[in-house]
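Reading through the structure tokens given below for one structure.
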Amino acid sequence: MAEVKEGEILPPTIQRLMKGYNKYLRPFFDNGPVTVGMSLDIASIDTISEINMDYTATIFLRQRWTDERLVFEGNKSLSLDGRLVELLWVPDTFIVDSKKSFLHDITVENRLIRIFPNGTVLYALRITTTVACNMDLTKYPMDKQTCTLQLESWGYNINDVMFYWTRGNESVSGLDTLQLAQYTVEDHYTSVSEAIYETGRYPRLVFHFELKRSILYFILETYVPSSLLVVLSWVSFWISLSSVPARICIGVTTVLTMTTLMMGARTSLPNANCFIKAIDVYLGICFSFIFGALIEYAVAHFCTLTHTNTHMLMYGQQIHDFDDEMNGIVTTISTYSNRAKRRKEPAETPPPAPTSTELTGSPSGPSSSEPKPEALPPEHTNWCLTVLAIIRKVLRSINCCHVENPHHIDNYSRVTFPLSFVIVNLLYWTYYLYF
């Protein structure tokens with residue numbers, strides 16, 4: 001901006017005020033600190049970013065102070081061109097946590113200077129600023145965030161300048177009519193404090209505002225789809241165990257879809273491992289139920305394949321089947337016993353003399369070179385029966401906690417899975433909404 005030449009553009013009243021005026025010296029330079037009152041008008045809050053943990057707002061900042069060097073006679077204030085601010089002393093106010101800010105300059109720089117007869121100066125600016133806001137996302141998306149806008153003097157300490165809010169909490173306006181996409185402004189208030197640095201103590205004004213996230217969007221976007229996927233995984237409980245492709249297809253499809261939903265829910269959030277958010281907990285619960293439904297079918301199908309043989313081994317077959325089983329065991333043992341005896345006989349022992357029956361042959365007897373198996377002593381038979389009975393008792397004791405009919409696993413799952421999901425949902429929503 002071109003330098004202002006007083007003699008060329010200033011009217012006589014302003015020329016008299018500027019005569020001997022030194023803009024590099026603050027008002028009341030030798031008579032205590034100058035008090036600066038401030039007020040804000042929030043025009044808009046454009047974005048609130050959880051990834052960057054900041055918000056962008058457009059504000060009208062108004063500052064008032066009294067400069068005894070600008071007292072003039074009259075009863076009307078002087079509204080000056082904003083470019084004349086270069087001729088006056090103004091507070092060196094800055095936004096503490098600002099990441100980037102700019103002053104609007106369309107069509108001209110959006111600044112206002114007004115001087116009252118008693119020397120009071122009103123200085124207004126239109127600023128857009130991006131301010132850091134530390135967020136606690138552990139209850140996201142049922143969270144409440146408290147952000148601040150801090151105004152501070154850059155070079156003047158509390159011995160030179162004092163800040164105050166002109167109307168207390170009413171000094172900030174515009175929030176009541178503000179419409180935000182995902183938030184509602186629940187509360188706001190102002191405070192006055194001091195900033196302590198190595199170079200001294202500086203005045204600070206703080207504006208606090210509390211934002212509550214609107215959960216309806218997330219219910220429609222994340223919670224309802226994930227819950228419906230869990231319900232879809234329960235459909236497999238009503239499909240026959242023999243329909244392997246159908247049940248496996250439902251289980252795998254719901255698991256993959258849930259994984260995609262979990263990845264999509266994290267794209268708008270900061271990649272920080274320190275945050276275990278409420279939405280992560282719910283998606284983890286839904287994934288566990290879906291994966292559990294897939295595991296349930298694997299268990300039920302395995303039990304179906306092994307149930308028949310296990311049941312026969314534990315309880316035996318019918319009476320005639322049991323007798324055939326025992327006769328087979330006894331015959332096998334006796335055959336191996338006879339073979340062992342023949343191996344133990346000496347090689348030089350002459351074969352026994354054939355009897356008349358063996359020489360002439362028996363027309364009615366079978367011709368076989370194998371000797372007829374000998375019957376085992378009664379104690380061997382009793383021993384086999386005892387061992388088999390012990391095995392069956394052990395299997396029965398192990399099976400006492402198992403389902404007798406594998407098809408009952410699906411029947412139990414039809415009740416336990418939905419009931420457990422409802423209970424977990426009640427606990428989840430109660431904790432994150434009220435604690």
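Going by full-length UniProt numbering, the first residue of the sequence shown is number 1, and it counts up by one from there.
We treat Cβ as the ideally placed atom computed from N, Cα and C, and that holds for glycine.
The structure displayed is predicted, hence computed values, not measured ones.
Item, Value
"Cβ-based burial, Val-108 [other Cβ within 10 Å; buried from 16]", "exposed"
"Rounded separation between Pro-11 and Arg-26 - CA only", "24 Å"
"Cβ contact check for the segment 192-203 and the segment 140-148: 3 or more pairs under 8 Å", "no"
"Alpha carbon of Val-34 to alpha carbon of Pro-91, nearest angstrom", "10 Å"
"Meets three-Cβ-pair contact criterion under 8 Å: the segment 259-268 and the segment 220-228", "yes"
"Inter-residue CB distance, Phe-116 and Met-38 (contact presumed, cutoff 8 Å)", "That pair is no contact at about 17 Å."
"Contact under 8 Å by Cβ, Leu-122 with Arg-64", "yes"
"Gln-318 versus Ala-300: straight-line alpha-carbon distance, rounded", "Its pLDDT being 45, under 50, Gln-318 is placed unreliably by the model, and nothing is read from it."
"Where the beta strand (DSSP E) containing Asp-187 begins and where it ends", "183-197"
"Simplified DSSP state of Met-162, which is helix, strand or coil", "strand"
"Nearest-angstrom Cα separation, counted from Val-96 out to Glu-210", "19 Å"
"Reduced DSSP category for His-208 - H, G, I as helix; E, B as strand; rest coil", "strand"
"Span separating the alpha-carbon of Tyr-432 from that of Arg-126", "39 Å"
"Same chain, Cβ closer than 6 Å to Tyr-21, neighbours up to 5 away in sequence not counted", "Arg-69"
"Which of helix, strand or coil DSSP assigns to Thr-430", "helix"
"N- and C-terminal bounds of the beta strand (DSSP E) containing Ile-45", "34-49"
"At least three beta-carbon pairs within less than 8 Å, the segment 212-221 to the segment 156-173", "no"
"Euclidean distance between Cα positions of Arg-111 and Phe-275", "42 Å"
"Trp-238 in three-state terms, based on DSSP", "helix"
"7 Å Cβ shell around Ser-214 - same chain, five flanking residues per side excluded", "Gln-182, Tyr-183, Thr-184"
"Limits of the unbroken beta strand (DSSP E) element including Val-131", "120-132"
"For Thr-129 and Thr-430, the rounded distance between their alpha carbons", "38 Å"
"Neighbour-count burial assignment, Pro-245, 16 or more Cβ in a 10 Å radius", "exposed"
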